[in-house]
Amino acid sequence: MPRIDTQSVAYKGFAIMAFIVVILAGIKAASPIVVPFVLSAFIAVICNPVITGMTRFKVPRSLAVLLLMVFIVMMGLWLAQIVGSSINEFSNQLPHYRDQLVEQFGWIVQKLQTFNIIITKEQILAYFDPGIALSMTTNMLTGVGGVMANLFLIILTVVFMLFESQTLPKKLHFALDDPEMRMQQIDKFLHSVNQYMVIKTLVSLATGVIVGFGLAIIGVDYALLWGVIAFLFNYIPNIGSIIAAIPSVLLAFIQLGPAAAGATALLYLGTNMVMGNAVEPRYMGKGLGLSTLVVFLSLIFWGWLLGSVGMLLSVPLTMIVKIALESSQGGRWLAILLADDVDEIKPSDNEKEDMSQTV
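The sequence shown begins at 1425 in our numbering and counts up by one.
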């Protein structure tokens, strides 16, 4: 039986850890450059199927890219103007809303007294500061808006990425010494990332539209702003819907009373249950699940590394890491730890054949 050199294994482990720390420190230091690039990459992944669909109708690829970019810029500027003014107005009204919410706490105190629970408004405020809850999402949107200030750089990067998207799979095969394109894991990885981002974006867009229209019907102020927040935060499953619902429910409670707040909470709950439990699994499948703990830890990790954009893209970034690990035999064990259910990533019969042939 061969003897294992534990000292060399320990040195190798420390070297890998040091290598990872150096890379993360470099990404953290270069975040002003990395964040727009990551955002551009995700926009390009989402836009690529639209460009491909347009080329099938005999539209030249350069013209298709130009038309799509013009449409995105026009929609982005229109939405940024409306949402930006809403954020500024809402931020100016925050002290007023906070005072109103404190007054509304009197109703809660009275209801609690009917159950012989004696508590004062001051005691509630000692444990719960509504100003923080109301300003949390606006601060995150402000951070995203700071990144979008480099709009020209992002759009230019997206254009070049879209032009290169056709040759990227072939380049990866050649870079990994597979000129005959026998490594199907590369194609599977690119297809899985593209499918995940497109479906997640469409589901998030539908969620934002439903929430925006629902809040407008209820009569909550800044319905468009809350719809945009619901769209962005839907990229963060489980936690994102809760974070997105907090400010609009509080605002409905301040503005229209407990009944409207309850209706707003039911709107978010119903929308996320339908989209998250019925629509999304049907089109995305069950092979891309992450455990709840991994979702929460990825939110903290990517938020620390890349700021507000990292928090919004934490799950897609972790999904890319997971898909890449699943595509390699050496990293499959780590993909199992990231998965929500072990059965989701059991190797198929074809994969078992490939593994046996490799051995």
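Ideal Cβ positions, reconstructed from N, Cα and C, are used throughout, including at glycine.
Determine which residues share a DSSP beta bridge with residue i and list them.
{"i": "Ala-1763", "result": "Leu-1714"}
If you follow the alpha helix (DSSP H) that residue i is part of, which residue opens it and which one closes it?
{"i": "Gly-1477", "result": "1455 to 1480"}
{"i": "Tyr-1659", "result": "That residue, Tyr-1659, is in no alpha helix (DSSP H); it is neither H nor E in DSSP."}
{"i": "Leu-1680", "result": "Careful: Leu-1680 lies outside any alpha helix (DSSP H) and carries neither H nor E."}
{"i": "Met-1735", "result": "1732 to 1736"}
{"i": "Thr-1581", "result": "1575 to 1588"}
How about residue i and residue j: do their beta carbons lie closer than 8 Å?
{"i": "Val-1739", "j": "Ser-1722", "result": "yes"}
{"i": "Met-1699", "j": "Val-1635", "result": "no"}
{"i": "Ala-1468", "j": "Leu-1586", "result": "yes"}
{"i": "Arg-1756", "j": "Leu-1762", "result": "no"}
{"i": "Ala-1647", "j": "Leu-1639", "result": "yes"}
{"i": "Ile-1678", "j": "Tyr-1435", "result": "no"}
{"i": "Phe-1461", "j": "Thr-1581", "result": "yes"}
{"i": "Val-1745", "j": "Val-1507", "result": "no"}
{"i": "Cys-1471", "j": "Leu-1448", "result": "no"}
{"i": "Ile-1747", "j": "Val-1617", "result": "yes"}
{"i": "Phe-1720", "j": "Ile-1663", "result": "yes"}
{"i": "Thr-1742", "j": "Leu-1714", "result": "yes"}
{"i": "Gly-1632", "j": "Leu-1680", "result": "no"}
{"i": "Ala-1668", "j": "Ala-1685", "result": "no"}
{"i": "Leu-1383", "j": "Leu-1674", "result": "Residue 1383 lies beyond the residue range present for the chain, which begins at 1425 and ends at 1783; the question has no answer from this structure."}
Closest to residue i by CA distance: which of the options is it?
{"i": "Gly-1727", "options": "Ser-1455, Ile-1440, Met-1441", "result": "Ser-1455"}
{"i": "Lys-1594", "options": "Leu-1614, Phe-1584, Val-1644, Leu-1691", "result": "Leu-1614"}
{"i": "Glu-1704", "options": "Thr-1591, Met-1499, Tyr-1620", "result": "Tyr-1620"}
{"i": "Leu-1690", "options": "Thr-1591, Glu-1750, Val-1719, Ile-1666", "result": "Ile-1666"}
{"i": "Leu-1736", "options": "Phe-1725, Val-1719, Ile-1660, Ile-1724", "result": "Ile-1660"}
{"i": "Tyr-1707", "options": "Ile-1623, Leu-1492, Gln-1524, Asn-1696", "result": "Ile-1623"}
{"i": "Asp-1645", "options": "Thr-1479, Ser-1509, Cys-1471, Leu-1492", "result": "Ser-1509"}
{"i": "Gly-1731", "options": "Ile-1447, Trp-1502, Leu-1463", "result": "Leu-1463"}
{"i": "Ile-1579", "options": "Val-1719, Leu-1501, Pro-1671", "result": "Leu-1501"}
{"i": "Met-1697", "options": "Leu-1674, Ala-1676, Asn-1658, Leu-1680", "result": "Asn-1658"}
{"i": "Val-1489", "options": "Ala-1668, Ala-1504, Pro-1473, Leu-1503", "result": "Pro-1473"}
{"i": "Ala-1453", "options": "Leu-1729, Thr-1695, Ile-1663, Leu-1525", "result": "Leu-1729"}
{"i": "Ala-1504", "options": "Leu-1649, Gln-1537, Thr-1476", "result": "Leu-1649"}
Using three-state DSSP, classify residue i as helix, strand or coil.
{"i": "Asn-1774", "result": "Low confidence applies to Asn-1774: its pLDDT is 47, below 50, so where it sits in the model is not reliable, and the reading given next is rough at best. Correct three-state label for Asn-1774: helix."}
{"i": "Asn-1540", "result": "coil"}
{"i": "Val-1445", "result": "helix"}
{"i": "Pro-1519", "result": "helix"}
{"i": "Asp-1611", "result": "helix"}
{"i": "Gly-1643", "result": "coil"}
{"i": "Val-1483", "result": "coil"}
{"i": "Thr-1742", "result": "helix"}
{"i": "Ala-1439", "result": "helix"}
{"i": "Thr-1688", "result": "helix"}
{"i": "Thr-1625", "result": "helix"}
{"i": "Thr-1695", "result": "helix"}
{"i": "Thr-1631", "result": "helix"}
{"i": "Ala-1434", "result": "helix"}
{"i": "Ile-1451", "result": "helix"}
Would you say residue i reaches chain B, if we count a Cβ-Cβ gap shorter than 8 Å as a contact?
{"i": "Trp-1726", "result": "Judged by its chain identifiers, the structure shown contains no chain B, having just a single protein chain."}
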